[in-house]
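Scroll down for the structure; my scribbles are underneath it.
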Amino acid sequence: MSIRENFTVPKRYNTIAFALMLLGVIAIIGLYLTTHGGGGTEEEKKIQDARFWASLLQNSVYFLLVVNASMFFICATTLAWGGWQMAFRRVPEAISAVVPVIGVLATAILLAIVYGGNDSIYHWTNAEHVKHDSILNYKKGFLNKGFFTVFTILTVVLWSALGWKMRQLSRSTDDNPFATKKEARKYIWNNTIWAALYMIVFALTVMSTLPWLWLMSIDAHWYSTMYSWYTFASTFVAGMALIALFVVYLKNNNYLEYANEEHLHDIGKFMFAFSVFWTYLWFSQFMLIWYANIPEETTYFKPRAQGPYSGLFWLMFIINFIAPFLILMRRGSKRNYGTVTLMALVIIFGHWLDLYQMVFPGPMTNKTTGETQVPMILWDLGVALGLAGLIMFLTGRALTKAPLLAKNHPFVKESLIHHT
Amino acid sequence: MGVKKFVVGNFYDEAILFPAVKKVRRAGYKIHDVYTPHPIHGLDHAMGLRDTSLHTAGFIYGIIGTATAVGFITWALAVDWPLNFGGKPFFSLPAWIPIAFELTVLFASVGMVLTFCYLCQLAPFVKKDHFNPRSTDDTFVMALECSDKTNDTELISFLQEAGAADVQIMHKETDWWWGRYGKETKRFEKQIPAQPVH
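So the protein lines, in turn, are chains A and B. Using my numbering, the first residue of the first sequence is number 1, and each one after it goes up by one. Using my numbering, the first residue of the second sequence is number 421, and each one after it goes up by one.
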């Protein structure tokens, strides 16, 4: 049997992707129409407008971080001199090619929220409000429009540029095999340098400052030092699940001959391990606040764990921890294509719910009455499906651009004989 | 304590051992065990061993640990001697999770080590000897169990053909119990000297 080196996008694949995108557009329009033009007080109108933007914010930020996790995976394995992922490394590479597109979308949405004049999501954008609020006044050096804008754009540009460089490096070997060992060593060294650069940017953004700016500043009075790690764990496990989905899809269509259940087993281990890691952070963040019981800190968990969001909160805990923990624990289930696909979908949905309950309680709280509502989640799911279609389409297109195996990479053999 | 008879082949190379294991299994001989100086990937699969149930045991120990921790703290702090800690309810689960976690890990790890020792028949003061001491150093040793109907000479030549450098017939206890083998115990019935390696 000959090896199918290049992916060709089946017609049905793109039809589904476009149908999902259409669904997303319909959901956005529908959401806009239902949230605008209704009656109510000024405050209620503001909340309805914020509900629309919060949906776009949550979806774009979540999927941006998820596709970006692919490049993190590549760079982390590169820095660790890992070889096992070579058999399917072109898949996370293709997924990371989506970062610039969703990055631009997310940046546009974030800036529209910051400069849009509605301070229901980010109340630190209201200069009048900050003046009389000693906490926000104190945080002014970090939480201001200028810094937010510059840092957001800088981050997205750096992610895109460094990711592009890593993909270029990977593709540069396709047509020119290494003549000498020395050249190959130099190539590995080059890879290490660029992966390290990406990792520094990643550590300074996703693992620290960005979740503070984009998500934590929705509840601007509250803070948690664990928040960024928590966001990272959430999006990284979903990113691994996304890689697993594409690997399984390609395997089922007779691509990726060299990736087998040994590689899937290791992807499954990542999904399992980081689900547990996420739970560890989830619980640590909760327990310290629960123990100390300080009103400034418990305001965050009040609407989530005990308020109207408690249903989502505990559902998310079950499908993000108990389900992956018990189902992915067995060796057999990590090597089974069906189980891995199911769990990958569950994990992606579960962590989407996680970001949902991180974003929405803030803007959905009525400042005058103090009441918190839960919005109609189906609209947001529609938007999520639209972005999923976009990722599907762009990843499929990126997959066709290069052979599915970087056959001249020095570590390929290590991956072919990989055994867990 | 049953003493059984074994035909023991000694192999000098991993690359010879693998096909030999397959040949022996295909011929229908019963492999007692294969002893190697280092772990070999895929050998368990080639020998047709079932997956170990050590991890299942570990899972059960872990659950016992969780139950012990939660059960004991519940009894101590909510039933037997309720104390008010910062106005929290007597039964406050979040505070007990760290302890439950630690006890889960403790029970699972200690239990799995002990189970592993049991499965490998390892314990202090237990009778233990090698088919061939070189299996701890540089050779790969395959022990085949003999029944009444086994034709020794045929089996020996079969192993030699499969690539064994030397073959011995040995009697050995298969169970384990306290005690140690006397130094003078005669365990070699017949020893075929090593063949020159080709």
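Every residue, glycine too, gets a C-beta built ideally from N, C-alpha and C.
- Using a Cβ distance threshold of 8 Å, Phe411(A) and Met199(A) do not count as a contacting pair.
- In this structure, the alpha-carbon of Phe301(A) lies about 12 Å from that of Tyr291(A).
- When only Cα atoms are considered, Ser512(B) and Phe232(A) end up about 29 Å apart.
- If you ignore the 5 residues before and after Asn118(A), its C-beta comes within less than 8 Å of the C-beta of Lys46, Asp49, Ala50 and Trp53, all in its own chain and listed in chain order.
- In this structure, the CA atom of Pro518(B) is about 12 Å from the CA atom of Leu526(B).
- When DSSP assignments are scanned along the segment 383-416 of chain A, the uninterrupted stretches of alpha helix (DSSP H) that are 4 or more residues long and fall wholly within it turn out to be 412-416.
- Tyr356(A) and Gln58(A) have their C-alpha atoms some 6 Å from each other.
- Between Ala447(B) and Gly583(B), the gap from beta carbon to beta carbon reaches 8 Å or more.
- Take the alpha-carbon of Lys547(B) and the one of Leu575(B): they are about 28 Å apart.
- Ala112(A) counts as exposed, since fewer than 16 other C-beta atoms from the protein chains shown sit within 10 angstroms of its C-beta.
- Annotation: Lys569(B) to Gln588(B) spans about 18 Å, alpha carbon to alpha carbon.
- In chain order, His419 make up the part of chain A whose C-beta sits under 8 Å from the C-beta of His461(B).
- Within 10 angstroms of the beta-carbon of His36(A) lie fewer than 16 other beta-carbons, which makes it exposed.
- The shortest CA-to-CA distance from Glu414(A) to any of Thr395(A), Phe283(A), Thr299(A) and His263(A) is the one to His263(A).
- If you check each beta-carbon in the segment 290-311 of chain A against every beta-carbon of chain B, the ones closer than 8 Å belong to Trp290, Tyr291 and Asn293.
- Contact check for Met590(B) and Phe431(B): beta-carbon distance about 16 Å, past the 8 Å limit, so the pair fails to qualify.
- Assignment of beta strand (DSSP E) within the segment 259-344 of chain A, counting only whole runs of 3 or more residues, yields no such run.
- The beta-carbon distance between Leu394(A) and Val101(A), rounded to whole angstroms, is 6 Å. This is short enough to meet the 8 Å contact definition.
- Put simply, the backbone Cα of Leu353(A) is about 24 Å away from that of Phe18(A).
- Listed in chain order, the non-local C-beta contacts of Thr205(A) below 6 Å within the same chain comprise Thr155, local neighbours out to five positions each way being set aside.
- A straight line joining the alpha-carbon of Phe277(A) with that of Thr524(B) spans about 16 Å.
- A buried status is given to Asp219(A), since no fewer than 16 other beta-carbon atoms sit within 10 Å of its beta-carbon.
- Chain-order list of chain B residues neighbouring Met287(A): Pro514, Ala515, Ile517 and Pro518, by C-beta distance under 9 Å.
- According to DSSP, Glu42(A) shares a beta bridge with no other residue.
- The beta-carbon of Gly506(B) is placed less than 8 Å from the nearest beta-carbon of chain A.
- Contact between the segment 496-504 of chain B and the segment 537-546 of chain B is absent: fewer than three C-beta pairs spanning the two stretches fall below 8 Å.
- With a cutoff of 8 Å on beta-carbon distance, His461(B) and His419(A) are scored as near each other.
- The beta carbon of Leu503(B) sits closer than 7 Å to those of Leu497, all from its chain and outside the five residues before and after it, given in chain order.
- Distance between Phe438(B) and Tyr449(B), taken at the CA atoms: about 15 Å.
- Taking C-beta atoms as the reference points, Asn6(A) and Pro403(A) count as a pair closer than 8 Å.
- Among the bridge pairs identified by DSSP, Leu564(B) is matched with Val427(B) and Ile451(B).
- Contact between Thr400(A) and Thr8(A) is confirmed by a C-beta separation of about 6 Å, below the 8 Å threshold.
- Closer than 8 Å to the CB of Phe283(A) there is at least one CB belonging to chain B.
- Distance from the CA atom of Ser310(A) to the CA atom of Leu56(A), rounded to whole angstroms, is 22 Å.
- A Cβ-Cβ distance of about 17 Å is found for the pair Val444(B) and Asn552(B), leaving them out of contact under the 8 Å criterion.
- For the pair Ala259(A) and His265(A), the Cα-to-Cα distance works out to about 11 Å.
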